[in-house]
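Right, one structure below, let's go through it.
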Amino acid sequence: MPVYNSDIAEIFEKVADLLEIEGANQFRVRAYRDAARTIRSLSRSLTDLIEEEEDLTELSGIGEDLAGKIQEIVETGELDQLERLTRQTPADLAKMLEISGLGPKRVRSIHEDLGVSNLKQLRAAASEGRIQELDGLGPKTESKILEDLEKRDGEQQRTLLAVAEEFTGPLVEYLREEDAVERVEVAGSYRRRKETVGDLDILVISDQGEKVAEHFVNFEDVEEVVSQGETRASVVLRSGLQVDLRVVVEQSYGAALMYFTGSKAHNISLREMAVEKDLKINEYGVFPADGDQEQEDSIAGESEQEIYRLLDLPFIVPELREDRGELEAAREDQLPELITLDDLKGDLQTHTQASDGRNTLREMAEAARELGYEYLALTDHTGYLGVTQGLEGDEVLERMEEIQALDEELDDIVLVKSMEVDILEDGSLDLPDEILDQLDLVVGSIHSHFNLSREKQTERILRAMDHPQFNILGHPTGRRIHEREPYRIDLEKVIEGALDRGCFLEVNAHPSRLDLKDTHCQLAVEKGLKLAISTDAHSTDELRLMAYGVDQARRGWVTPDDVINTRPWKEFQALLNGS
DNA sequence: GCCGTTTTCGGCCCGACTGTTTTCAGTCG
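So the number in the working numbering is just where the residue sits in the first sequence, counting from 1, plus 9.
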């Protein structure tokens, strides 16, 4: 049973929770959390790194001790320290940390003074009024705990970026209606273009914070006001999405935008760099470390550029601000020139009415032409999938003739004869060779037998890529965010296999797929593999989803050169033919 | 527990809001 990075990160997070409740040194707790974060954002598996005898202490936030603990987890699947901790402190206490308003101190006191060890007992204690008897806690906190416990039944989760965007427009527009509002920016993971957002972080420039906060909490979609002050406020919308508002004056715009964009890890690293230069960064600006904090003493803060410059760094785009090596790269002037939407010359996975799409071939072609594409691959499904009414045998050949005919008619866009071919359980392709030979582009995808072992699934994909006509592996891990886990594969082997065979991996741009994900893109690029960014559009409207694929690729450090469909048609064609 | 162009010991990002207090601890982002 292989141990995954996420397993190790989870163990470290549990250790951190329990240590925190025990009242351990906060910096020691932070070390475990930092390590967990580093591990989660790693593109390579720790199991492999250990196998190759790499030095784990090279990783940021991993020292001798934690490297040893990682080794222990990889070898035994568990961590002795965690077992010991759970004997002292019930592991269920950690769940109480998730209740808003409860941190380690309060959880500890509730446990020690009331004997409460799990959420059920917490609910009982709260409804019996025993919580408010404790020192430093009162009736308000108690009723808030009860409220949160009730709400948890409908488990809140992160919101897809594309869904969050729907809520953002009207809210931003509403904020602008208030005269005191000079400028509105949506920051946070939204600005970093993360695939999901936990909440929305909105920055407003104004010198009348209180007025703006008041206007904000009166938005028609607000269900609950969590907090409200002179410079910040938090609300929960009817959709369940939390929105945090922060108001600062113009002179602090850059500092506040940086602070509110995050990531938290990136900001902490920046602040540490500032400390080394005897400076202090907060959301109002950059100040001398020991000086006053009056606004006029600010050395920088109006723009993000200015703050980076003060730290001898070039501007770092929000998508890279994850503390995943961007600061080191910036210091060495090695930041990648990231791909943009404009770089793409074509879409390489689309569907029409011929299988499960909504529009006709012609409608798709015209929509792609309007987007300014040079080429478009029409990749309807093959027959294996009953539900999608894929094409078989002669139908495929007829289809290719249709594509060719329309291609000849339209002289300003190339229509690529292609199919999304099912990869069958044994790794063979769902079309006979003589038909595959007729295609200009083959996208191979897995749509069945998701539960094979990691070895078998990897082998299946490698065998499919062995076929000389195979070009692009569609949605390589098969995940659907919040809906379906990725199938188990050894992605590193798949990437190396693709390199060996002259194949490419897809970055599927659909907002609920985004597959490859950001760290996978980064791994592929590091290994020198080229990617295809495709929408998997099932209608003309969905061709516009390309932007999400580009966002994801940018988060994965992808440059235009790393992507095959940034090439003009002739070059692209040559690339497919392996030259 | 990690880490080092002042350090191998002594630091470790920074501020707002709430609820409970009567000056602040705890929580949160």
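Note that the Cβ used here is the ideal one computed from N, Cα and C, for glycine as well. Remember, predicted model here, so these are calculated numbers, not experimental data.
Contact check between the segment 25 to 33 and the segment 93 to 112: three or more CB pairs, one atom from each, fall below 8 Å, which counts as touching. Across the set Arg-53, Leu-65, Leu-75, the C-alpha of Leu-75 shows the shortest separation from the C-alpha of Phe-21. The alpha helix (DSSP H) runs lying completely inside the segment 456 to 538 and spanning 4 residues or more are 463 to 475, 500 to 510, 527 to 535, given in chain order. In the same chain as Glu-551, and ignoring 5 residues on each side of it, the C-beta atoms closer than 7 Å to its own belong to Thr-544, in chain order. Excluding five sequence positions before and after Arg-200, the CB atoms of its chain that fall closer than 7 Å to its own CB belong to Thr-270, Pro-327, given in chain order. Per DSSP, reduced to three states, the secondary structure at Thr-85 is helical. Collapsing the DSSP output to three states places Lys-149 in a helix. With contacts defined as CB atoms closer than 8 Å, Leu-540 and Val-516 qualify as a contacting pair. Across the structure, Glu-61 and Ala-533 are spaced so that their CA atoms are roughly 19 Å apart. Secondary structure at Val-326: coil, using DSSP grouped into helix, strand and coil.
Considered as a whole, the segment 417 to 442 harbours 423 to 431 as its complete beta strand (DSSP E) runs of no fewer than 3 residues, in chain order. Per DSSP, reduced to three states, the secondary structure at Phe-228 is coil, with no helix or strand assignment. The three-state reading of DSSP puts Leu-353 in coil, since its state is none of H, G, I, E or B. About 5 Å separates the beta carbon of Ala-189 from that of Ser-215, a gap short enough to meet the 8 Å contact definition. In the three-state reduction of the DSSP assignment, Lys-286 falls in the coil class, being assigned neither a helical nor a strand state. Per DSSP, the continuous beta strand (DSSP E) segment holding Pro-297 begins and ends at 294 to 297. Contact between the segment 339 to 349 and the segment 385 to 393 is absent: fewer than three C-beta pairs spanning the two stretches fall below 8 Å. Taking a contact as a CB-CB distance under 8 Å, the pair Pro-495 and Thr-486 counts as one, their CB atoms being some 4 Å apart. Leu-155 and Asp-352 have their C-alpha atoms roughly 52 Å apart. Val-226 has its alpha-carbon roughly 6 Å from the corresponding atom of Val-234. Shown here, Glu-31 sits in a helix according to DSSP, grouped into three states. The beta carbon of Pro-520 sits closer than 7 Å to those of Leu-169, Leu-170, Ala-171, Leu-554, Tyr-557, all from its chain and outside the five residues before and after it, given in chain order. A residue is called buried once 16 or more other Cβ atoms fall within 10 Å of its Cβ, and Glu-313 is buried on that count. Residue range 55 to 60 is occupied by the alpha helix (DSSP H) that includes Glu-60. Note on geometry: alpha-carbon atoms of Leu-461 and His-484 lie some 17 Å from one another. In the same chain as Glu-194, and ignoring 5 residues on each side of it, the C-beta atoms closer than 7 Å to its own belong to Leu-212, Leu-266, in chain order. Annotated three-state conformation of Ile-154 is helix, per DSSP. Setting aside the 5 residues that flank it on each side, Gln-237 is surrounded in the same chain by Ala-222, Val-226, each with a C-beta closer than 7 Å to its C-beta; the list follows chain order. Lys-289 and Tyr-317 have their alpha carbons spaced roughly 13 Å apart.
Burial state of Lys-354 is buried, judged by a 10 Å Cβ sphere holding 16 or more other Cβ atoms.
Tyr-13 carries a coil assignment under DSSP once its states are collapsed to helix, strand and coil.
Taking Gly-218 as reference, the option from Asp-208, Thr-240, Lys-114 with the minimal CA-CA separation is Thr-240. Membership of Ala-265 in the alpha helix (DSSP H) is indicated by the continuous run 262 to 270. Contact annotation: Asp-389 and Arg-408 have beta-carbon atoms nearer than 8 Å.
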